[in-house]
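Number of protein chains: 2
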Amino acid sequence: MKLNARTEYASLAAVELARRASDGAPVGLRTICDAQRVPARFLVHILLELKRAGIVVSVRGAAGGYRLARPPESITLQELRAAVEGSSETPTPLTSALAGTSRDAATLRDAWQAAARAQAEILEGISLADLVARSRATAESMYYI
Amino acid sequence: MKLNARTEYASLAAVELARRASDGAPVGLRTICDAQRVPARFLVHILLELKRAGIVVSVRGAAGGYRLARPPESITLQELRAAVEGSSETPTPLTSALAGTSRDAATLRDAWQAAARAQAEILEGISLADLVARSRATAESMYYI
DNA sequence: CGATACTTGACCAGAGTAGTAAGGTTTCCC
DNA sequence: GGGAAACCTTACTACTCTGGTCAAGTATCG
């Protein structure tokens with residue numbers, strides 16, 4: 001399935017912030033980029049979206065940076081995706097407006113929604129804390145090889 | 001979630017073919033378009049993809065048309081989607097190639113795959129026969145109002 | 001004041017999407 | 001055999017989304 005760059009970068013940045021949440025100081029953009037190998041100019045916009053969504057908070061000025069707005073256990077992948085993905089509510093599919101009225105189309109969309117729901121539920125069950133823990137776990141297993 | 005036009009049209013066409021599977025004659029493009037309100041010029045391409053995927057077979061020449069290659073119970077939404085969606089295996093995400101090597105990125109992708117898997121399983125559980133039955137069911141419930 | 005660092009808006013190239021156009025090929029039927 | 005019906009194929013267009021860059025603005029610390 002498609003994991004687009006925005007969602008990937010947002011998640012990586014959030015994981016990095018979660019990992020450094022213990023030290024009180026805000027984390028600079030540069031720090032995140034260096035740790036996660038993400039283009040800085042691009043990450044700026046993504047962090048801005050995360051801020052608008054209330055997932056991170058920012059501190060301006062010298063020695064500024066970003067911080068998670070809430071504990072890592074309460075921020076899920078689903079939330080991150082919703083924040084950066086174009087929501088894509090497809091306000092008016094234009095030409096396919098007529099097709100949308102058919103009974104078959106309605107049935108189909110119900111089915112589709114069930115699938116989307118199943119996916120969202122998995123994503124809601126994975127928090128930043130989980131991801132940090134999993135990453136640490138694989139790191140340790142690698143150490144013992 | 002995003003249900004794109006190709007997948008929607010492919011599914012609607014397949015449902016129509018499933019519904020008319022009892023009469024032996026192949027179903028013409030025009031017939032499908034009229035029934036499902038889908039642009040003919042576009043549906044041609046989609047049916048071609050379905051044919052390449054082995055989901056439908058075609059009969060050329062006058063009195064030709066399309067037919068399901070297999071019984072409607074054995075064709076699932078997942079299969080339809082795979083047939084028309086750009087597979088998008090993203091062979092090399094180019095610039096994000098470096099990011100792909102990080103441990104966090106691997107962890108994240110595992111999580112994402114679990115979500116994708118859950119969605120695919122739902123889609124695999126819905127056949128054309130199911131969709132036809134559901135559409136008929138809602139039609140009957142509407143009749144009794 | 002000046003350096004650091006977040007904020008904002010404009011911009012751009014490439015890919016994918018939805019759809020159209022037109023000509024070629026196959027088959028049926030008179 | 002000659003239409004005509006209907007599928008097959010390639011090409012093209014308009015538009016949007018995506019990934020990413022640039023540059024100027026603003027806030028804060030020292």
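If you read the sequences in order, they're chains R and W. Number 145 marks the last residue of the first sequence (my numbering); no jumps. Number 145 marks the last residue of the second sequence (my numbering); no jumps. Using N, Cα and C, we set each Cβ at its ideal position, and we do this for glycine too.
- For residue 41 (chain R), none of the residues of chain W pass the 8 Å Cβ criterion, the least Cβ distance being about 12 Å.
- At a cut-off of 9 Å between C-beta atoms, residue 46 (chain R) does not count as an interface residue with respect to chain W.
- Residue burial is scored here from C-beta neighbours: residue 135 (chain R) has at least 16 other C-beta atoms within 10 angstroms and is therefore classed as buried.
- Beta-bridge analysis with DSSP links residue 76 (chain W) to W:127.
- Using beta-carbon distances, residue 67 (chain W) does not count as an interface residue toward chain R, since no partner is under 9 Å.
- Considering only beta carbons, the part of the stretch 114 to 136 of chain W lying closer than 7 Å to chain R consists of 114, 115, 116, 118, 119, 122, 123, 126, 131, 134, 135, in chain order.
- Listed in chain order, the positions of the stretch 5 to 22 of chain W with a beta carbon within less than 7 Å of a beta carbon of chain R are 5, 8, 11, 12, 15.
- The three-state secondary structure of residue 58 (chain R), taken from DSSP, is strand.
- Contact check between the stretch 28 to 46 of chain W and the stretch 72 to 80 of chain W: fewer than three CB pairs, one atom from each, fall below 8 Å, which does not count as touching.
- Assigned with DSSP and collapsed to three states, residue 3 (chain R) falls in coil, not helix or strand.
- Rounded to the nearest whole angstrom, the CA to CA distance from residue 106 (chain W) to residue 28 (chain R) is 23 Å.
- At least one beta carbon of chain R lies nearer than 9 Å to the beta carbon of residue 110 (chain W).
- In chain R, no part has a C-beta under 9 Å from the C-beta of residue 34 (chain W); the shortest such distance is about 11 Å.
- Straight-line spacing of the CA atoms in residue 111 (chain W) and residue 120 (chain R) works out to 12 Å.
- If you look at residue 41 (chain W), you'll find it in the alpha helix (DSSP H) that goes 40 to 52.
- Taking residue 3 (chain W) as reference, the option from R:4, R:109, R:129 with the minimal CA-CA separation is R:109.
- Residue 8 (chain W) has its alpha-carbon roughly 18 Å from the corresponding atom of residue 66 (chain W).
- Counting along the chain, residue 30 (chain W) sits inside the alpha helix (DSSP H) bounded by residues 29 to 36.
- Distance from the CA of residue 26 (chain W) to the CA of residue 33 (chain W), rounded to the nearest whole angstrom, comes to 14 Å.
- Judged by beta-carbon spacing, residue 56 (chain W) lies within the 9 Å limit of residue 14 (chain W), meaning their Cβ atoms are closer than that value.
- DSSP places residue 67 (chain R) within a strand segment (E or B) once states are collapsed to three.
- Closest by C-alpha distance to residue 16 (chain W), out of W:62, W:52, W:129, W:83, is W:129.
- Exposed is the label assigned to residue 23 (chain W), since fewer than 16 other Cβ atoms lie within 10 Å of its Cβ.
- Restricting attention to W:61, W:133, W:1, the CA atom closest to the CA of residue 72 (chain W) is found in W:133.
- Contact annotation, residue 48 (chain R) with residue 83 (chain R): C-beta distance approximately 10 Å; criterion of less than 8 Å not satisfied.
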